[in-house]
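Single-structure report; data block below.
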């Protein structure tokens with residue numbers, strides 16, 4: 001298996017670590033902070049409320065526990081990298097935590113006996129710090145206490161991925177940092193409640209509720225960098241506020257509008273329509289006036305600032321140690337890759353360019369294909385085959401009580417067996433033994449939360465032959481003992497779970513056989529890049545396109561791309577094309593029909609039929625105008641890109657102007673030869689006409705310009721709502737959109753999206769067990785009327801009406817177990833067995849006692 | 850007869866991704882809240898059938914809370930919007946039957962808002978204590994408890 005060292009904790013690096021581990025490589029993860037999340041990611045600083053913050057970090061911990069492929073070092077510092085790709089000697093120092101947070105079970109013994117200090121962390125047990133660990137090692141039942149000493153370590157790895165973080169910024173004095181009634185956006189976002197920031201909590205320092213609010217992001221001022229995401233957040237929050245209370249007077253102050261991609265620029269128009277005043281300003285003056293704030297002559301009760309990001313000083317040192325070059329403060333990479341000038345050393349995340357979280361997640365996935373040439377072949381662990389006994393009618397309930405969770409309670413419940421043990425999670429073999437000896441077939445755990453140790457207990461029950469659908473988890477510790485509950489509550493919760501366990505029925509979790517071929521539709525650059533990576537990983541890659549697009553020049557935003565000559569670019573393109581066409585199967589012709597779903601697509605093209613498990617749509621775009629340039633800016637229905645236009649102009653020596661700038665890149669550091677004004681695009685991208693046909697075949701949606709939303713309808717909300725879904729592959733329904741089919745973009749972004757689509761498809765190239773697990777939705781064929789309401793309610797496209805039987809059916813590979821279908825079904829035909837009324841009603845009877 | 854102190858029972862349906870995570874955080878942070886809260890973990894606020902809310906009241910709970918993710922943050926994209934609509938309907942129905950609609954509470958609490966979770970639980974329990982026991986459980990036609 002290959003071995004990769006990842007340095008830094010950013011959204012991109014967390015994601016990269018997860019993806020390397022999942023694809024069967026070993027990861028050495030160097031965290032510069034004392035625990036994961038100590039060094040905040042960009043998202044944590046800017047939008048602490050977003051659940052992506054928790055997801056990226058907790059997924060790493062989960063994958064580390066599950067695969068055993070991740071080694072995490074805390075308090076670490078890079079000391080140097082020697083050697084060549086495939087055999088790097090990386091020297092670093094690190095310091096152990098006094099309590100190993102991966103081993104810690106949160107029993108609190110060290111708090112009682114060794115005065116440990118505790119810091120709660122969302123989604124984890126929390127961080128314990130022991131002042132004098134030497135004398136305390138034996139106290140811990142989980143053997144998590146270790147003596148923290150600094151040590152130097154050498155690791156031999158195949159590739160190095162650098163992803164150091166930005167520094168968090170306070171609000172600059174110039175923007176009213178020390179003034180009253182100036183608020184950090186991060187603080188503001190955390191006041192969110194219901195449909196916006198609740199006015200009950202949104203108070204100025206004198207306790208009054210503001211009537212006018214201003215938002216500001218300093219991108220473009222004084223070397224502050226900006227991303228589209230910062231502005232997206234501001235617009236979103238401003239609109240939430242306006243929606244909640246129309247009488248609020250809301251102003252947004254920006255130097256340039258940097259919303260890009262689709263439906264994001266639409267926010268600008270929407271905000272204006274809602275009556276939010278957007279001020280495009282060249283200078284800003286913030287001063288106190290009366291009991292409010294005066295910003296450029298506008299009186300505000302509250303001024304909310306989302307500080308931009310600045311390049312931290314330590315990046316220079318990291319670059320020196322790693323032996324790589326910086327340009328404009330960012331890591332310099334080879335054209336269209338994340339690889340730095342030093343072979344085998346890669347840079348992703350904020351270290352490369354200012355980016356939003358969606359791009360960071362693209363990068364964190366696309367890095368796997370890019371490094372693969374240096375990595376040794378992956379080793380995938382074999383999943384043990386488990387046999388479960390199915391018995392719905394003779395429940396024999398065993399209640400396992402963890403003393404760690406329930407020592408202060410007087411447990412009095414009626415079950416076949418009540419077994420009390422110290423620290424259940426430390427003695428899984430005893431649980432297995434008890435279950436087997438006593439013939440228990442329903443297990444109720446009275447322990448801790450599934451997000452902590454509870455999930456592991458469920459797996460223990462599985463090992464003893466009890467299926468997950470017969471396991472109930474009562475979080476006695478987090479929901480009762482730690483929050484000051486009494487025995488009455490503890491018993492009520494346990495009895496409810498026992499009552500439900502008795503009614504539990506076996507839920508078979510289906511596995512879908514997938515076809516291991518991949519079909520790429522279209523001849524965009526993204527199609528070639530994705531195919532280039534996939535050809536030697538899957539049996540067959542089809543490319544369905546009548547022709548391949550010419551590489552569209554001058555689309556790169558970064559300096560190195562601009563420096564690349566047209567000939568060089570053509571050569572690069574042709575090498576990839578030759579390499580791909582030697583091994584992939586090119587079907588010359590347009591798609592005629594597509595049928596099927598994730599795992600089993602049937603595509604007809606140029607007379608033949610092909611089968612594929614996953615489809616990547618990369619139809620590309622036509623360039624109109626002078627035919628050499630992509631621009632993206634949405635203006636009166638045309639998609640353009642003013643910033644790129646300006647760059648192009650600079651390169652060609654043409655005088656240009658721009659207005660609504662949607663750049664998010666190095667342009668900030670070296671403004672092009674362009675003036676601000678009402679700009680005219682030099683050229684723009686038009687999506688291909690075939691998009692409409694493909695969208696119709698797949699039931700997807702196009703935006704008003706004709707670009708694809710990047711996931712199945714109505715998943716396009718991901719782009720306006722959140723990006724959490726990029727963390728999972730299944731909800732995409734086996735259809736990925738990459739490149740110009742998605743939106744106008746630079747070649748760099750095409751490479752990122754193509755890499756994302758390729759690697760994500762690879763994760764789907766296995767037989768897919770339903771992601772819903774025991775919560776999978778089923779249809780009772782005798783009750784189903786085939787009305788199709790559940791099909792509309794299902795956001796992941798897992799339900800469809802079978803044309804032969806005229807009843808609703810479930811695609812197990814896509815069902816995520818949310819239960820929306822069961823809830824809307826008027827005839828009770830759609831059911832989530834684990835939450836069926838039979839069990840829940842029994843539970844409710846007991847829980848209220 | 851001695852006066853019995855009213856100790857309400859409040860059934861909480863908390864979504865797995867946000868509010869349950871917040872409850873976990875409240876737990877790991879040792880934030881105390883009244884024992885009257887009986888949490889039930891569900892996958893999504895939209896998993897909760899409105900019938901479950903009514904049934905809980907009928908079985909003797911004095912109030913129910915439905916906790917979900919903030920709008921726009923739902924793990925299942927639109928689940929919390931669905932829950933919001935359903936709760937609005939449940940409230941209308943309760944009101945038209947002559948019951949206090951405030952015995953059903955919908956609250957958005959994200960996974961990092963442990964303190965908010967504890968605060969909401971405290972405030973709501975206090976509110977229900979002042980409101981007194983629910984008489985919903987005595988509604989005989991719904992199959993509830995018999996009134997003595």
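Chains as they are written, first to last, in the numbering used here: chain A, 1 to 849; chain B, 850 to 997.
Note that CB positions come from ideal geometry on N, CA and C, so glycine has one too.
**Item:** chain A within 8 angstroms of residue 942 of chain B, Cβ atoms only
**Value:** no
**Request:** Use the C-beta contact count for residue 862 of chain A: other C-beta atoms within 10 angstroms, 16 or more gives buried, fewer gives exposed.
**Result:** Not covered by the structure: residue 862 of chain A. The range shown for chain A is 1 to 849.
**Asked** What are the uninterrupted segments assigned as beta strand (DSSP E) that are 3 or more residues long and contained completely in the stretch 902-985 of chain B, given in chain order?
**Response** 912-917, 953-957
**Prompt:** Using a Cβ-Cβ distance under 8 angstroms, would residue 38 of chain A count as near chain B?
**Reply:** no
**Through-space distance from residue 923 of chain B to residue 917 of chain B, alpha-carbon basis** = 8 angstroms
**Asked** Which chain B residues sit within Cβ distance under 9 angstroms of residue 449 of chain A?
**Response** 869, 870, 872, 873, 876, 877, 890
**Prompt:** Looking at the unbroken alpha helix (DSSP H) that takes in residue 707 of chain A, where does it start and where does it end?
**Reply:** Residue 707 of chain A -> no alpha helix (DSSP H), and no H or E assigned at all.
**Asked** Taking 8 angstroms as the CB-CB limit, is residue 488 of chain A close to chain B?
**Response** yes
**Message:** Does any residue of chain A have a CB that is nearer than 8 angstroms to the CB of residue 981 of chain B?
**Reply:** no
**Asked** From which residue to which residue does the beta strand (DSSP E) around residue 82 of chain A run?
**Response** 77-84
**Request:** Step through the CB atoms of chain B and report whether any lies within less than 8 angstroms of the CB of residue 835 of chain A.
**Result:** yes
**Request:** Pick out the complete beta strand (DSSP E) segments inside the stretch 342-378 of chain A, 3 residues or longer, and give them in chain order.
**Result:** 345-347
**Asked** If we ignore side chains and look at the alpha-carbon of each, how far apart do residue 748 of chain A and residue 501 of chain A end up?
**Response** 53 angstroms
**Message:** I'd like to know whether the C-beta of residue 540 of chain A is nearer than 8 angstroms to at least one C-beta of chain B.
**Reply:** no
**Prompt:** Does DSSP classify residue 435 of chain A as helix, strand or coil?
**Reply:** helix
**Request:** Keeping to the same chain, check which residues put their C-beta closer than 6 angstroms to that of residue 811 of chain A; ignore five residues upstream and five downstream.
**Result:** 597, 798
**Message:** Closer than 8 angstroms between beta carbons: that is the criterion. Which residues of the stretch 47-61 of chain A meet it against chain B?
**Reply:** 48, 49, 50, 51, 53, 54
**Item:** Where the alpha helix (DSSP H) through residue 763 of chain A begins and ends
**Value:** 747-763
**Message:** Which residues in chain A have a C-beta closer than 9 angstroms to the C-beta of residue 951 of chain B? List them in chain order.
**Reply:** Within 9 angstroms Cβ-Cβ: nothing; residue 951 of chain B doesn't reach chain A, min ~15 angstroms.
**Cβ shell of residue 233 of chain A (< 6 angstroms), same chain only, five flanking positions each side left out** = 47
**Request:** Could you give the DSSP three-state label for residue 898 of chain B: helix, strand or coil?
**Result:** coil
**Message:** One question on the structure: do residue 619 of chain A and residue 524 of chain A come within less than 8 angstroms of each other, judged by their Cβ atoms?
**Reply:** yes
**Residue ranges of each alpha helix (DSSP H) within the stretch 17-78 of chain A, 4 or longer** = 42-46, 52-67
**Request:** Check the DSSP bridge columns for residue 542 of chain A and list the partner residues they point to.
**Result:** A:519, A:585
**Item:** residue 393 of chain A burial status per 10 Å Cβ neighbour count (16 or more: buried)
**Value:** exposed
**Prompt:** Going along chain B, which residues have a C-beta under 7 angstroms from residue 120 of chain A?
**Reply:** 874, 877, 878, 963
**Prompt:** Which value, in whole angstroms, describes the spacing of the CA atoms of residue 287 of chain A and residue 571 of chain A?
**Reply:** 56 angstroms
**Prompt:** Using a C-beta cutoff of 8 angstroms, does residue 928 of chain B count as contacting chain A?
**Reply:** yes
**Request:** Leaving out five residues on either side along the sequence, give the residues of the same chain with a beta carbon under 8 angstroms from the beta carbon of residue 492 of chain A.
**Result:** 846, 847, 848, 849
**Message:** Using only CA atoms, which one of A:103, A:122, A:33 lies nearest to residue 478 of chain A?
**Reply:** A:122
**Asked** How long is the line joining the alpha carbons of residue 763 of chain A and residue 69 of chain A, rounded to whole angstroms?
**Response** 16 angstroms
**Prompt:** Under a CB-based cut-off of 8 angstroms, is residue 960 of chain B close to chain A?
**Reply:** yes
**Asked** Which of the residues in the stretch 903-921 of chain B, read from start to end, lie with their CB under 8 angstroms from any CB of chain A?
**Response** 904, 905, 908, 909, 910, 918, 919, 920, 921
**Residue range of the alpha helix (DSSP H) that includes residue 470 of chain A** = No alpha helix (DSSP H) holds residue 470 of chain A; DSSP gives it neither H nor E.
**Message:** Whole angstroms are fine: how far does the CA of residue 806 of chain A sit from the CA of residue 843 of chain A?
**Reply:** 35 angstroms
**Request:** Run the CB neighbour count on residue 606 of chain A, radius 10 Å, all protein chains shown included, and call it buried at 16 or more, exposed below.
**Result:** exposed
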